[in-house]
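**Q** Next up is a structure, given as structure tokens.
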Amino acid sequence: MSLYGVGLGPGDADLVTVKGQRVLEEADVVYSPGRLSRSVATEHVPEDRIGDVDFPMTRDEDELRRAWKEAADEIASRARDETAVFVTLGDPNVYSTFGHLRRTMSAFHPEVDTEIVPGVSAVTAFATALGVEISSGMSLALHEAARGAAPTGPDRMILFKVTDAPATHEKLVDAGYDVVYGRRLFMEQGETLVTEDPEVVVERDYYTLAYAEKHEVEYEPATAQFETSVDAAMRERAEGEAHGDVPPEVTSDD
Ligand SMILES: C[S@@+](CC[C@H](N)C(=O)[O-])C[C@H]1O[C@@H](n2cnc3c(N)ncnc32)[C@H](O)[C@@H]1O
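In terms of full-length UniProt numbering, the sequence shown opens at residue 1 and continues consecutively.
Written out as structure tokens, the structure reads:
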């Protein structure tokens, strides 16, 4: 049969796509790389369909290759005759463990067909959570910023893996950026935080990102004028009413 890589979204079971949910419900076995992805998956599949694979927390590449080979062997043994799913938080193709599985599968078990179901990535979910609009004409880069790193790139950046916010913050501010942090956005597990203060997110939590924007960037889309002209008209009307002016009657033909 086949293997599906399903993106679960940022960590809220309601943000799993309709297709992702259907694939999970129809799966014979569902594997997850961690506790959080497992807790989202089990809102759509019963615990007894969760498979068992082990992923060591190590940077030793030999050990990692061994672990992925073992995981791929186990998953292939089920995916040959049944439908197996490997879930990841966010999207399976964005900084995700699924890439290791896909490569290992195609090297050692090329007979297993693999299909990916995209998920809502933190790359897009952050914009809603932080109230940021990426309009046409803007450039946005995605970087990693672990252990206090502060890569600089275009005027707008998303930084993943912010594990030392104060150190990253100092360097970004020196480079001319305003920074907002988002922690556990759209996640059912843990407290959601959005803050401009790096001290609020000083405690290390892997599910922390930052959005950085250069101070001097000014972008005014055509429709921005509506906001200012409507605001001005409303202000004028409110001031007139406060001074006893009778507002002109509005008819349905106006
Ligand atoms: C290994 S990447 C996985 C990205 C994931 N595949 C995606 O598409 O969103 C993990 C990093 O993504 C960011 N991240 C993922 N989900 C997040 C969330 N719900 N809230 C805040 N940051 C998140 C964090 O910076 C974290 O260190």
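Quick reminder that beta carbons are idealized off the backbone N, C-alpha and C, glycines included.
For ligand 1, any of its heavy atoms closer than 7 Å to the Cβ of Phe108?
**A** The answer is no for Phe108.
**Q** So is His169 buried or exposed if we call it buried at 16+ other beta carbons inside 10 Å?
**A** buried
**Q** Where does Ser96 land, buried or exposed, given buried means 16+ other C-beta within 10 angstroms?
**A** buried
**Q** Is residue 301 near ligand 1, in the sense that its beta carbon is under 7 Å from a heavy atom of that ligand?
**A** No statement about residue 301 is possible, as the shown extent of the chain runs from 1 to 254 and does not include it.
**Q** Which value, in whole angstroms, describes the spacing of the CA atoms of Asp14 and Thr223?
**A** Distance between the alpha carbons of Asp14 and Thr223 is about 32 Å.
**Q** Apply the 10 Å Cβ neighbour rule to Glu63 and answer buried if 16 or more other Cβ atoms are within range, or exposed otherwise.
**A** Glu63 should be labelled exposed.
**Q** Quick check for students: name the residue ranges of the beta strand (DSSP E) that lie wholly in the stretch 45-94, counting only runs of 3 or more.
**A** 83-88
**Q** For Arg204, does the three-state DSSP call read helix, strand or coil?
**A** Secondary structure at Arg204: coil, using DSSP grouped into helix, strand and coil.
**Q** For Ala242 and Ala233, what's the separation of their Cα atoms in angstroms?
**A** 14 Å
**Q** Would Glu74 pass as a contact of Val45 if the rule is Cβ separation under 8 Å?
**A** no
**Q** With distances taken from CA atoms, which of Phe98, Lys19, Phe108, Ala145 is nearest Arg80?
**A** The candidate whose alpha carbon is nearest that of Arg80 is Phe108.
**Q** Can the beta-carbon of Thr88 be found less than 8 Å from the beta-carbon of Pro10?
**A** no
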